[in-house]
C-alpha cells in the first residue's frame, strides 16, 4: 500500500511557475495547497540520476528535506528505442541553453540517420517524498513512433515529431483535449492520485 | 472484437455545435472528419430509450441510416442511487424548457428530502452505429455523492452539487484539467477510442 498524502500543503519541486500552477490545479480536488520551491527559496537539486524516476525522486527528496514538508517532483522526456533510450533524461538539454526544440528534433533525426527503427515513447515520472525520506513514485507512458519532418504547432518539446500508437497525426497537431486523454502526463497523474490522494 | 471505424467521415448525431466541435477534436488524431447532423439536415431522433446507452444508440442508429454514413451519438446525465437512478435520462429535462440547472439541482435536493443516501454517479454513453445497423457502445462513469448547497461556477449541469469519490470539492469547483482526468466523458472516450479507433 502506498503511503497516503494527508497534509494540506505540498511543495512542488520546480521553479517553473506554469508547471506549479498546472499541478496545483490537478491536486486542488484533494484540498491540497501547493507552494513552489521558488517561493520557499529552495535550491534546485542536481539531476544526477540515470532515469526519469531517479531524477524525480532526487528533486522531491531534496525539496522535502529542505522544506520539512512533503514535496512532489516530475521528470519527463522522450526515449527513442533505436537510440538506447536517448535523449531520455537529457531531452531538454538536447535543445541547448536556449531550449530550442527545433534544434533538438533535428539532433534526434540526425542520430537516426541510417537506422530503420523509429519506435519511441514519452515518459513522465512523478515522485512524492516526505521529510522522513519515504517516497512514492509512479510513471506514465505513451508509446508511438517518430516522423520527419515535424508537423504541427501545438504542444511543446518533441511533440511535432511524435505520433502516438493508433494516431495518424503528431502530438503537435493534436488538440489538448485529445492529447490529455492518452498522454504520459495524464497517465502518471491518474496513477499518483489513485495511489496517494483519492480517498 | 469491436468493429473498427475505417472510414474518414463520421456523422455526429447532435445539433449542438459545441459538442460536435469537441468530439471532432477528440477524434482528429485518427484522421476522422466529423460532420454534424445539423449540417446534413438530419432530423433529431426521439429519445425514447430507458437508459443512456439506449438513447445514444437510438440517435446514432437513426443518423447512420439517414445519412448512409457511420454516426456517433452520446447521452449522459446524473443518476442518484436513492432516487432509483433519477434524474438519469431526464437530467436535462429536469431543468425545464430553459435548461435551468439551478432549478434542476433544487428539484434533486427536494426529491432527497428526508432520504439519507446521497450516492450518485455521472454516466456518459457513446454509440457508434453503421448504416447496416451494427452498433458499438461504451459507457463511462464517475462515482461520488451530492452536497447541498451547490458550490462553484465551473463545469455545467449538476456539477456544483457533485463531489467525486476521493475529492473534497465539487465538479463546479474543479479545474477542467483535473476533471478531465477522471470524468465520465473522458472515461467513455478512452474506451471508444481503444475499441474502435486506435490501430
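Chains as they are written, first to last, in our numbering: chain A, 1 to 199; chain B, 1001 to 1199.
Glycine included, every Cβ here is placed at the ideal spot set by N, Cα and C.
Owing to the predicted nature of the structure, the values given are computational and were not obtained by experimental measurement.
Comparing C-alpha positions only, which one of the options sits nearest to residue i?
i	options	result
residue 7 of chain A	A/15, A/34, A/26, A/18	A/34
residue 72 of chain A	A/5, A/161, A/89, A/145	A/5
residue 155 of chain A	A/102, A/83, A/32	A/102
residue 1110 of chain B	B/1087, B/1099, B/1128, B/1132	B/1087
residue 139 of chain A	A/129, A/162, A/76	A/76
residue 177 of chain A	B/1022, B/1011, B/1012, B/1106	B/1022
residue 1043 of chain B	B/1024, B/1013, B/1051, B/1018	B/1013
residue 1084 of chain B	B/1095, B/1153, B/1050	B/1050
residue 1018 of chain B	B/1129, B/1069, B/1036	B/1036
residue 1009 of chain B	B/1163, B/1063, B/1069, B/1134	B/1069
residue 1108 of chain B	B/1141, B/1147, B/1097	B/1147
residue 191 of chain A	A/113, A/141, A/167	A/141
residue 1193 of chain B	A/193, A/167, A/106	A/167
residue 198 of chain A	B/1163, B/1197, B/1020	B/1163
Which first and last residues belong to the beta strand (DSSP E) in which residue i is found?
i	result
residue 1074 of chain B	1071-1080
residue 62 of chain A	Unbroken run through residue 62 of chain A is the alpha helix (DSSP H), 52-67; no beta strand (DSSP E).
residue 32 of chain A	Here residue 32 of chain A belongs to no beta strand (DSSP E), and DSSP marks it neither H nor E.
residue 1009 of chain B	1009-1012
residue 1144 of chain B	1135-1146
residue 982 of chain B	An answer regarding residue 982 of chain B cannot be provided, because it is not within the stretch 1001 to 1199 covered by chain B.
residue 1121 of chain B	1119-1129
In its own chain, which residues sit with a C-beta less than 6 Å from the C-beta of residue i, not counting the 5 before and 5 after it?
i	result
residue 38 of chain A	15
residue 40 of chain A	67
residue 159 of chain A	171, 172
residue 1152 of chain B	1160, 1170, 1172, 1173
residue 32 of chain A	10
residue 45 of chain A	58, 59, 62
residue 1125 of chain B	1052, 1053, 1056, 1075, 1139
residue 106 of chain A	none
residue 1020 of chain B	1012, 1014, 1036
Evaluate residue i with the Cβ neighbour count: other Cβ atoms within 10 Å of its Cβ, from every protein chain shown; 16 or more gives buried, anything less gives exposed.
i	result
residue 1137 of chain B	buried
residue 1184 of chain B	buried
residue 1095 of chain B	buried
residue 1130 of chain B	buried
residue 149 of chain A	exposed
residue 186 of chain A	buried
Quick check on the DSSP output: the alpha helix (DSSP H) that includes residue i runs from which residue to which?
i	result
residue 184 of chain A	184-192
residue 103 of chain A	101-111
Leaving out five residues on either side along the sequence, give the residues of the same chain with a beta carbon under 8 Å from the beta carbon of residue i.
i	result
residue 91 of chain A	76, 77, 78, 104, 157, 158
residue 47 of chain A	55, 58, 59, 75, 89
residue 93 of chain A	87
Since residue i and residue j are thought to touch, with beta carbons under 8 Å apart, how far apart are those beta carbons, to the nearest angstrom?
i	j	result
residue 65 of chain A	residue 117 of chain A	Going by Cβ atoms, the distance from residue 65 of chain A to residue 117 of chain A rounds to 41 Å, so no, they are not a contact pair.
residue 145 of chain A	residue 120 of chain A	6 Å
residue 1169 of chain B	residue 56 of chain A	27 Å between Cβ atoms; not a contact.
residue 1181 of chain B	residue 189 of chain A	6 Å
residue 1165 of chain B	residue 1143 of chain B	5 Å
residue 1053 of chain B	residue 1127 of chain B	7 Å
residue 1175 of chain B	residue 25 of chain A	4 Å
residue 1011 of chain B	residue 1063 of chain B	5 Å
Is residue i close to the ligand FAD? I mean its beta-carbon at under 7 Å from any heavy atom of the ligand.
i	result
residue 86 of chain A	The ligand FAD is not among the ligands present in this structure, which contains no ligands whatsoever.
Note down, in chain order, each residue of its chain lying with its Cβ closer than 7 Å to the Cβ of residue i, except the 5 sequence neighbours on either side.
i	result
residue 179 of chain A	155, 171
residue 195 of chain A	2, 136, 138
residue 1099 of chain B	1092
residue 1115 of chain B	1082
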